[in-house]
Every structure is written in structure tokens, then in C-alpha cells.
């Protein structure tokens, strides 16, 4: 793999290949009363059907290392 290492710190890098992960290896089904919207290649919205959802909310950033 070809990575561009961050000049500020050797542990951080960026990948030139920003292709969308279309694998289903870690996919989990939503509860039957939830809806999912994918508006582009990066963001996915999930919300309960028939419930009021605030316009502004929160998001989760997940990261891990290869062996975890």
C-alpha cells in the first residue's frame, strides 16, 4: 500500500485511495422500525421510523488497529 505519511507525526497517515468500502463483512441489520439513508459515498443516516429526530445531532468516529 502506498501511504502519504503526515509530516507532523510518523504514526498518522492518509491514504490516496479514497474508494468506498462496499463490503458487507461487518454489516449489522437495523431493527425493523428503523430507516437508513445513504446520501453519498461517505455518510449514512439511521433513524427510527415515526419518531421526531433533532436536525442537529451527534456522530461516531470509529478507529482501530489491524489486530483489534
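Residue numbers (UniProt numbering): 1 to 68.
Idealized CB from N, CA, C, for every residue including glycine.
query: For residue 62, collect the residues of the same chain with a Cβ closer than 6 angstroms to its Cβ; drop the 5 residues on either side in sequence, then sort them by chain order.; result: none
query: What separation, rounded to the nearest whole angstrom, lies between the Cα atoms of residue 47 and residue 67?; result: 31 angstroms
query: Return the first residue and the last residue of the beta strand (DSSP E) that residue 34 is part of.; result: 34 to 38
query: Find the nearest neighbour of residue 52 within the set 35, 59, 22, judged by alpha-carbon distance.; result: 35
query: Going by DSSP in three states, residue 44 sits in which element: helix, strand or coil?; result: strand
query: What does the alpha-carbon distance come out to for the pair residue 50 and residue 60?; result: 23 angstroms
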